[in-house]
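Chains as they are written, first to last, in my numbering: chain A, 163 to 459; chain B, 10 to 277. Cβ atoms here follow ideal geometry from the backbone N, Cα and C, with glycine treated the same way.
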């Protein structure tokens, strides 16, 4: 697969603060790449460097295998942090201006406005828009020249549940068109649903990088309960279990590789115990994210 | 190049403040420069009150070629209004953070600066055309006889006026890019001449007035000398010196280069 983005020891210091530390990332064509990390972990600074608004202290990066210029940025649609437009211009005029800056035709303006459902409000000034509409206009602007790559930084920040749902649908719609997307987000279940790959940043350091599928693979976790006094001892005797933990009124079992929930069920049955509750839990990205962050202490 | 100008004009032409400030500028400029005869009549009435008389017909304020320098000099005072508009235009880009989005969308920092410089050129050019037209019309109205030789004398004041306005707008643009906040920049712009004046005087008194000619705002003021003393039969500088042009041209380059350096190095 063609490499779209590659960073090489990308570093940014603000005075003594190291915002991004020797970052090495690769994004390939067609990936939907999630960037995770707590506030202040360097996600926006990284994207700022990739989009030419923050000068790196050290290191470099390539887009499409070439050193970055302002012309490569025209092939990327990006919304960093907040949507930014001229408040006194209408949505339509703002998009016309952006089309001029990107040096692309303004023929797609009606299409992108339709896609983000802003056609009715296109002749109103930007400052009269609600936050959700501003976010949607930003996405419309990013899609103006049908870019190969879309960068979205917290696209659902500050939105109400309706707005979040709208943006999520929109992101899925765009993702289904086969575009490469880089998505920085706090919403872990969203990243898990949409993304193919993800990276975790903490205090400017890359602490995890890999496909989202890995999260679901690996060891299985099973919740069990039964009306037996010494259930914990019984379970401890089963060789397929690597750890037993009592949580939320259940026993939470971490299974060894290759052992599944049905094996636990059979074991209990063989012991003459009937489970009142047995459930296989998928490892969520949220759980893994927190684990990764804790491990890195 | 023209494409970049179109981008900046697209931002400005839908901005109401731009129309109001530019409208006020061109209106007051036209109004003041065209009403010199009314000023002279008022002056004459003052003389009458003191029992002496002033024959305003003998003051050739609008006669060719005097009218060229007179109006170019007076118009120079109004450039501050255009400069404030330039400050508003560039500091808006920082306060709305649109400069950031412009660059993300694929403008280079140098292209962004060019678009602003081109607007400065256009504003300066419009100001020159305006002053030239008023001077031409009033000249034809008030000159007792039209001598074509005089009509075409002293026209070098217009390129000099153009350089004066454009250099001052470059200065305003640089301040805006360095300071980034509109209120503070406008105050600095208004105070800049007042801050420079005592330094000029100190250097002039203790060292040499020759050095003062090289100071930025002083040099801009030196381009077109104050002409009115000639009506009190004093010697005036009724020409533009090559040295003054070179110095101001140098400052113009310096101001725009500083803007470029700052933009290139800044995290936006």
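Distance, residue j Cα to residue i Cα
i             : j             : result
residue 383/A : residue 440/A : 11 Å
residue 167/A : residue 270/A : 26 Å
residue 250/A : residue 227/B : 38 Å
residue 182/B : residue 99/B  : 7 Å
residue 195/B : residue 225/B : 18 Å
residue 51/B  : residue 62/B  : 12 Å
residue 146/B : residue 157/B : 14 Å
residue 59/B  : residue 49/B  : 16 Å
residue 426/A : residue 447/A : 24 Å
residue 135/B : residue 43/B  : 17 Å
residue 16/B  : residue 286/A : 21 Å
residue 285/B : residue 198/B : Examination of residue 285/B is not possible in this model, given that chain B is present from 10 through 277 alone.
residue 174/B : residue 77/B  : 16 Å
residue 229/B : residue 169/B : 10 Å
residue 167/B : residue 172/A : 52 Å
residue 265/A : residue 235/A : 11 Å
residue 24/B  : residue 236/B : 38 Å
residue 110/B : residue 188/B : 19 Å
residue 221/B : residue 45/B  : 32 Å
residue 174/A : residue 274/B : 14 Å
residue 172/B : residue 186/B : 21 Å
residue 294/A : residue 34/B  : 40 Å
residue 21/B  : residue 257/A : 15 Å
C-beta neighbour in chain B for residue i, strict 7 Å
i             : result
residue 178/A : no
residue 519/A : Nothing can be reported for residue 519/A, as the shown portion of chain A is limited to 163 through 459.
residue 248/A : yes
residue 320/A : no
residue 295/A : no
residue 189/A : no
residue 251/A : yes
residue 214/A : yes
residue 240/A : yes
Test: residue i CB closer than 7 Å to a CB of chain A
i             : result
residue 107/B : yes
residue 115/B : yes
residue 276/B : yes
residue 189/B : no
residue 19/B  : yes
residue 123/B : no
residue 111/B : yes
residue 16/B  : yes
residue 92/B  : no
residue 24/B  : yes
Option in the options with minimal Cα separation from residue i
i             : options                       : result
residue 212/A : 417/A, 225/A and 253/A        : 225/A
residue 41/B  : 15/B, 139/B and 254/B         : 139/B
residue 215/A : 264/B, 115/B and 99/B         : 115/B
residue 331/A : 355/A, 315/A, 311/A and 346/A : 355/A
residue 395/A : 413/A, 367/A and 450/A        : 413/A
residue 206/A : 242/A, 179/A and 232/A        : 242/A
residue 400/A : 432/A, 293/A and 279/A        : 432/A
residue 191/A : 319/A, 208/A, 232/A and 238/A : 238/A
residue 370/A : 436/A, 314/A, 419/A and 452/A : 452/A
residue 411/A : 229/A, 438/A and 419/A        : 438/A
residue 155/B : 265/B, 45/B and 72/B          : 72/B
residue 195/A : 449/A, 393/A, 404/A and 346/A : 346/A
residue 151/B : 265/B, 251/B and 68/B         : 68/B
residue 389/A : 454/A, 434/A, 325/A and 376/A : 434/A
residue 240/B : 214/B, 65/B and 102/B         : 65/B
residue 443/A : 252/A, 415/A, 429/A and 294/A : 415/A
residue 6/B   : 12/B, 120/B, 277/B and 31/B   : Chain B is shown from 10 up to 277; residue 6/B falls before or after that span and cannot be answered.
N- and C-terminal bounds of the alpha helix (DSSP H) containing residue i
i             : result
residue 79/B  : 75-84
residue 169/B : 166-188
residue 31/B  : 25-43
residue 209/B : 191-215
residue 116/B : Careful: residue 116/B lies outside any alpha helix (DSSP H) and carries neither H nor E.
residue 352/A : 350-356
Cβ neighbour criterion (16 or more within 10 Å) applied to residue i
i             : result
residue 350/A : buried
residue 276/A : exposed
residue 129/B : buried
residue 312/A : buried
residue 97/B  : buried
residue 133/B : buried
residue 253/A : buried
residue 283/A : buried
Where the beta strand (DSSP E) containing residue i begins and where it ends
i             : result
residue 371/A : 367-373
residue 315/A : 311-315
residue 440/A : 439-443
residue 197/A : 194-198
Q.
Against chain C, which members of the stretch 257-285 of chain A pass a CB distance test of less than 8 Å?
A. Absence of chain C from the displayed structure is noted, the protein chains being A and B.
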